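>
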Amino acid sequence: MDDTLFGKIIRREIPADIVFEDDDVLGFRDINPQAPLHVLFIPKRQPLPTLDAASEADAPLLGKLLLTAAAFARSEGYADSGYRCVLNCNRDGGQTVYHLHVHLLAGRPLHWPPG
Ligand code: AMP
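See the structure below:
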């Protein structure tokens, strides 16, 4: 497993507010939330730093991250009001932690285009 901050959260070396876990995916609240609901979903096993590093073999994992975020949004009551899933890639994409993650944001109207 990688040695990013998120690797440490997976290994329980640093605390996080974990709201979802199965064999493949960990979900925890963002420490600097940008919406009433802001959860990060990360792969637990494959060391995938960015979306750019993903290949065809990662397609099931990427799909699972999105479906997990959608199921969690529904379970929190945001299916009808809506939500946003964001995946930042590299410098200009605004990525700061190089362990691939999907942001789930919900609970307020989200503007477009993003900043
Ligand atoms: P990104 O900028 O897309 O790489 O997103 C990284 C996210 O990780 C940011 O939204 C940070 O607020 C969040 N973050 C950084 N450290 C922690 C932490 N210890 N626990 C939870 N979220 C964190």
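Here the sequence shown is numbered in my numbering, starting from 12 and rising by one per residue.
Cβ atoms here follow ideal geometry from the backbone N, Cα and C, with glycine treated the same way.
Quick caveat, the model's predicted, so the values are computed rather than measured.
By the three-class DSSP mapping on this structure, what secondary structure does P71 have?
helix
> CA-CA distance, I21 and R95?
24 Å
> By Cβ distance, which residues of its chain are closer than 8 Å to K19, with the 5 residues on each side in sequence left out?
I25
> Considering only the alpha carbon of each residue, which of P120, H122, L116, P125 lies closest to N43?
N43 has its Cα closest to that of L116, out of P120, H122, L116, P125.
> If I follow the unbroken beta strand (DSSP E) through R40, where does it start and stop?
36-40
> Mind the definition here: the segment 102-120 touches the segment 59-74 only if three or more C-beta pairs lie below 8 Å; say whether that holds.
yes
> Let me confirm a value: L78 is counted as buried when at least 16 other C-beta atoms fall within 10 Å, else exposed. Which label applies?
exposed
> Can you give the Cα-Cα distance for D35 and V50, rounded to whole angstroms?
16 Å
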